[in-house]
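Asker: Quick one: this structure, given as structure tokens, is what I'll be asking you about.
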Amino acid sequence: MAKLPEQGHKNNTGNAGIFSTGLLVVGISHLYSFFAPVSRIMKRSWRILFLLSLSATVSATVRAQQALPLAEQTYGDSLARMLHSGVSDSSKALAAYLLSDFWRSKDTAKSRSYLLQGRQLAKNYPYLVAIYHFYEGQYYFNTDTKKAAQAFDEAKTALLPLHTPAAIQYAAVSWFNYALMMRNEKGDSFVIANVLNKAIPLAEKAGDMDKVGHFYVQLATLLMNNAQFAKAELYNQKAIDLLRSRGPSATTLFFAYLSATSTFVFDDKLPQAKASLDQARELIAPYPNSINYPLYYYNEGLYYEGAGQYAEALVSLDKGIALAGQFHQTLLLQTMVVRKYLVFFDEKDYRKAKTFLMGVVKEGSLMAETNNRRTIYFQLAEVNRRLGDMAEAYRWSTEYSRLGDSLQKVQLKEKIVGLEARFQNAEDQKQIGLLAAEKTRAELAARNSRLFNWLLGTVCILLALTAVFSITFIRSQRKVSQLKLARAMLDGEERERKRIAQDLHDGLGGMLAGVKINLSGWAAGKPEQPRDAELYRIIDQLDRSVGELRHIARNMMPETLLKFGLETALKDLCEFYMGEDVHIEFQPFDIHRSLSLPWQMNIYRIAQELLSNAVRHAGATNIILQCSQNGPVFLVTVEDNGRGFDPAQQGKKGMGLTTVHDRVSYMNGKMEILSAPGEGTTINIELNTYGGQ
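FYI, the numbering for the sequence shown is 11 to 703, going by my numbering.
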């Protein structure tokens, strides 16, 4: 598999796409429904922390944030170039998956298109088919929790049996993302258990310490959401120490610093929060267009708010809101609007504070979750009370109470359903006991019948297998015979070419050269004779004939290939076909000199035929010949800007590709033709040289 483009960080390309997972990070925990008596922010008895609800499906960061490399534009461009290059389908499939993940928060149509393109390219690779489910989950992450959970569940089921480090890495993140999708149903304890018992052990088994650090950060955020700040700080520090030892510019380290910032703010440790925030700023500063900037500004605003620097907090939040809108990070944007409400409430500008909170209600994103809605109703009652509008305060207080009653009814209904289920289970157990005896009798009666059917079925299966084996064997033998015949014909053709070339070069070529030398010598030995123009014209014609003869002999058996190897011979071939109106670019990559001569000769003939077609039949003026070798696999790509043709009509058009097909089959290869009238032609060939080393 070809190497994937670098992301601009230490993260290697093998796990590039796995870092674009859903994140709980950072500093956006939840809207607490109680008065928390901790930190400088928490100690204000009138306030409730405006963060995303733990009972929500996922946090705002999960829905809006991706752990893309900080240099994400360079990363995206590199993936696009790979997808349209001449690399193998497996590399293109992975590039398409990563592009789907790259665009999922920016352009869902593009994301979907790349996802389907990746699935089509991956159909012959079990590992890539398995990780399709992971990227399908990524695609639905922000829009459909149920579909995302199902996709991640399928991904981990398909990946774990593969036992490769890359498959285990993807399985680790699939477990984590699956837990996030089930968070609303099963709670934080379920997510924490999956991080500790599934995600982290699998990442360690795969040897991916960057991913271990990533999961430490997620664990810290979950603990912070539950007000366990000391434990959260411990895991944040473990992540930072691990990630710094592996490379100070890793993207995951940036999120670790932001997680530490928010935890320190809530734990009233502002100097430590500022130090972590400065570290995050240092990492993201070289990338002014990063999609991660809104989250940085959220944490910067959070720090300034905790420090009582309200003007600075508003500046940071406004920057974050503008960028979050640009990047379509809706929930993160609305969370920052809520933080602005809190700043104005702190400054006792209750009218402006109310305006921002009503904007959140009108926009509706945060209101979709019941606990968030109840908390916002409480704050609307509080801010209206501060404004002296007791009627409005009463109205919102009523809504708050009504929603609380509704939640209690839902919880009561769930308890009743649980009791009914347990009762029904007991009744079912009784029924099972009554049916057990009847089942035993029925099984005894059916056993003899099954035995007979089994014997009959076994005989039928054996007969069917014998027939299938016979047909397969006959077809296999026929294919082997055809392949042997093709090889014999190609080998015989090359031997005859070599014999004729040698005869032309050594026999007729030598004779013509001798005639030329004798004529030239005779004319030079008679100075008294006037120069005979006709004689010298004949000598010139004879000289050109000798050159043409040598050219024919060279095409039949290239001397450069025999002396200097395949790469030099292909370069010489490109130079031969070039002219004033034809430019050919030759791109060799890691061509081994250890290839046997027959294999080199076949590859040379394939390139010769394709270049000849492009120049003589397609009328191309620009041609690219790319040859690369990856172990036993040899790739040939010829791309031209000629007149093109309909590949379905190639047999009728006589495009001279029959011999190429034969040679590709001879080398157990595959050939792909991409062309259309007026659109130029691209031919991709994959050859297996394991028999030619």
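Glycine included, every Cβ here is placed at the ideal spot set by N, Cα and C.
1) Tell me which residues share the same chain as K364 and place their Cβ nearer than 6 Å to its Cβ, disregarding the 5 neighbours each side in the sequence.
2) From S100 to F644, what does the alpha carbon distance come to, in whole angstroms?
3) Look up D650 in the DSSP assignment and say whether it is helix, strand or coil.
4) Is the beta carbon of M219 sitting closer than 7 Å to the one on T273?
5) Would you call the stretch 370-377 and the stretch 333-348 in contact, with 3 or more CB pairs under 8 Å?
6) Ignoring anything shorter than 4 residues or poking outside the stretch 319-370, list the alpha helix (DSSP H) runs there in chain order.
7) Can the beta-carbon of G217 be found less than 7 Å from the beta-carbon of L253?
8) Expressed to the nearest angstrom, what Euclidean distance is found between the alpha-carbon atoms of Y188 and K248?
9) Shortest alpha-carbon distance to F7 belongs to which of S98, P175 and A140?
10) Among the candidates V201, P211 and K196, whose CA atom is the shortest distance from the CA of A230?
11) Taking a contact to mean a Cβ-Cβ separation below 7 Å, would you say A283 touches Y306 in this structure?
12) Taking only runs of the alpha helix (DSSP H) that begin and end inside the stretch 365-408, which ones reach a length of at least 4 residues, in chain order?
13) Going along the chain, which residues of its own chain have a beta-carbon closer than 7 Å to the beta-carbon of F239, five neighbours each way excluded?
14) Are I693 and P657 closer than 7 Å when you measure CB to CB?
15) Going by beta carbon distance, what residues of the same chain come within less than 8 Å of L324, once the five residues before and after it are set aside?
16) For K215 and Y145, I'd like the C-alpha separation in whole angstroms.
17) Would the beta-carbon of G86 fall within 7 Å of that of A106?
18) For A182, which option in L170, D359, L473 and M192 has the closest C-alpha, if you only look at C-alpha atoms?
19) For T118, which of helix, strand or coil comes out of DSSP?
20) If I'm right that V674 touches E619 with Cβ under 8 Å, what's the distance once you round it to whole angstroms?
21) Starting from the Cα of Y226, find the closest Cα among T262, E696 and K157 and give me that residue.
22) When the Cα atoms are used, what is the spatial distance from S98 to N302?
23) Looking at the strands, I want to know which residues DSSP matches up with K680.
24) For the beta strand (DSSP E) containing S638, list its first residue and its last residue.
25) Bridge partners of I594, per DSSP?
26) By the three-class DSSP mapping on this structure, what secondary structure does V183 have?
27) Compare the Cα-Cα distances from S676 to each of I633, S685, N612 and A686 and report the closest residue.
28) Going by C-alpha distance, which of M192, Q389, I210 and Y410 is nearest I178?
29) Looking only at C-alpha atoms, which of H173, E577, N309 and H143 sits nearest to A159?
30) Where does G217 fall in DSSP's three states?
31) Using the beta-carbon count (16 or more within 10 Å), is N299 buried or exposed?
32) Going along the chain, which residues of its own chain have a beta-carbon closer than 7 Å to the beta-carbon of S731, five neighbours each way excluded?
33) With distances taken between CB atoms, is the gap from Y614 to L667 smaller than 7 Å?
34) Out of E379, D251, R114 and F479, which one is the CA nearest neighbour of Y149?
35) Could you pull out every residue in the same chain whose Cβ sits closer than 7 Å to the Cβ of L422, ignoring the five residues on either side in sequence?
36) Over the uninterrupted alpha helix (DSSP H) stretch that includes R291, give me the two end residues.
Answerer: Walking through what the data contain:
1) For the purposes of this step, residue 364 is identified with residue 354 of the sequence shown, where counting begins at 1. These residues qualify, in order along the chain: V393.
2) Sequence index remark: in the sequence shown, residue 100 carries index 90 (1-based). Sequence index remark: in the sequence shown, residue 644 carries index 634 (1-based). Cα to Cα, the separation comes out at about 15 Å.
3) For the purposes of this step, residue 650 is identified with residue 640 of the sequence shown, where counting begins at 1. Strand at D650.
4) By one-based count along the sequence shown, residue 219 stands at place 209. By one-based count along the sequence shown, residue 273 stands at place 263. Not a contact, by the Cβ cut-off of 7 Å.
5) Result yes; three or more Cβ-Cβ pairs closer than 8 Å.
6) 320-336 and 340-356
7) On the sequence shown, position 207 is the one that residue 217 refers to. On the sequence shown, position 243 is the one that residue 253 refers to. For G217 and L253, no; Cβs fall outside 7 Å.
8) For the purposes of this step, residue 188 is taken as residue 178 along the sequence shown, with counting starting at 1. For the purposes of this step, residue 248 is taken as residue 238 along the sequence shown, with counting starting at 1. Approximately 24 Å between the Cα atoms of the pair.
9) Residue numbering for the chain in the displayed model covers 11 to 703; residue 7 lies beyond these limits and cannot be assessed.
10) In the sequence shown, residue 230 corresponds to position 220, counting from 1. Here the closest residue by C-alpha is V201.
11) In the sequence shown, counting from the first residue as 1, residue 283 sits at position 273. In the sequence shown, counting from the first residue as 1, residue 306 sits at position 296. Contact: no.
12) 380-397
13) As a first step, residue 239 is located in the sequence shown; it is residue number 229 there, counting from the start. Here F239 has T273, F276 and D277 as same chain residues with Cβ atoms under 7 Å from its own Cβ, once five neighbours each way along the sequence are excluded.
14) In the sequence shown, residue 693 corresponds to position 683, counting from 1. In the sequence shown, residue 657 corresponds to position 647, counting from 1. Cβ distance not < 7 Å, so I693 and P657 don't count as in contact.
15) The residue you call residue 324 lines up with position 314 of the sequence shown. Answer for L324: G311, K350 and V353, listed in chain order.
16) To locate residue 215, count along the sequence shown from 1; it is residue 205. To locate residue 145, count along the sequence shown from 1; it is residue 135. Rounded to the nearest angstrom, the two C-alpha atoms are 22 Å apart.
17) Along the sequence shown, read from residue 1 onward, the residue named residue 86 stands at position 76. Along the sequence shown, read from residue 1 onward, the residue named residue 106 stands at position 96. It is not a contact, given that the beta carbons lie outside the stated cut-off.
18) The residue labelled residue 182 in the question sits at position 172 within the sequence shown. A182 has its Cα closest to that of L170, out of L170, D359, L473 and M192.
19) Locating residue 118 in the sequence shown gives position 108, where the first residue counts as 1. Helix, per DSSP.
20) Taking the first residue of the sequence shown as position 1, residue 674 is located at position 664. Taking the first residue of the sequence shown as position 1, residue 619 is located at position 609. Actually they are not in contact, since the Cβ atoms of V674 and E619 sit about 11 Å apart, beyond 8 Å.
21) Position 216 of the sequence shown, counting from 1, holds the residue named residue 226. The alpha carbon of Y226 has as its nearest neighbour, out of T262, E696 and K157, the alpha carbon of T262.
22) By one-based count along the sequence shown, residue 98 stands at place 88. By one-based count along the sequence shown, residue 302 stands at place 292. Roughly 32 Å between the two C-alpha positions.
23) By 1-based counting over the sequence shown, the position of residue 680 is 670. Beta-bridge pairing links K680 to E696.
24) One-based indexing of the sequence shown puts residue 638 at position 628. Start and end: N632 to N640.
25) Here residue 594 refers to the residue found at position 584 when the sequence shown is read from its first residue. Note: I594 sits in a beta bridge opposite I633.
26) For this step, residue 183 is matched to residue 173 along the sequence shown. If DSSP states are grouped into helix, strand and coil, V183 belongs with the helices.
27) By one-based count along the sequence shown, residue 676 stands at place 666. Checking the sequence, you will find Tyr at residue 676 rather than Ser. The option with the nearest alpha carbon to Y676 is N612.
28) The residue labelled residue 178 in the question sits at position 168 within the sequence shown. Of the listed residues, the one whose Cα sits closest to I178 is I210.
29) Indexing the sequence shown from 1 puts residue 159 at position 149. A159 has its Cα closest to that of H143, out of H173, E577, N309 and H143.
30) Here residue 217 refers to the residue found at position 207 of the sequence shown. Three-state result, G217: coil.
31) Here residue 299 corresponds to residue number 289 of the sequence shown, with the count starting at 1. That one is exposed.
32) Given a span of 11 to 703 for the chain in the structure shown, any question on residue 731 remains unanswerable.
33) Within the sequence shown, the letter at position 604 stands for residue 614. Within the sequence shown, the letter at position 657 stands for residue 667. Not a contact, by the Cβ cut-off of 7 Å.
34) The count along the sequence shown starts at 1 and reaches residue 149 at position 139. It is R114.
35) Taking the first residue of the sequence shown as 1, we reach residue 422 at position 412. Only weak support exists for where L422 lies, its pLDDT of 48 falling under 50; the value from the coordinates is given anyway. None.
36) As a working note, residue 291 is residue 281 in the sequence shown. Unbroken alpha helix (DSSP H) run through R291: L280 to I294.
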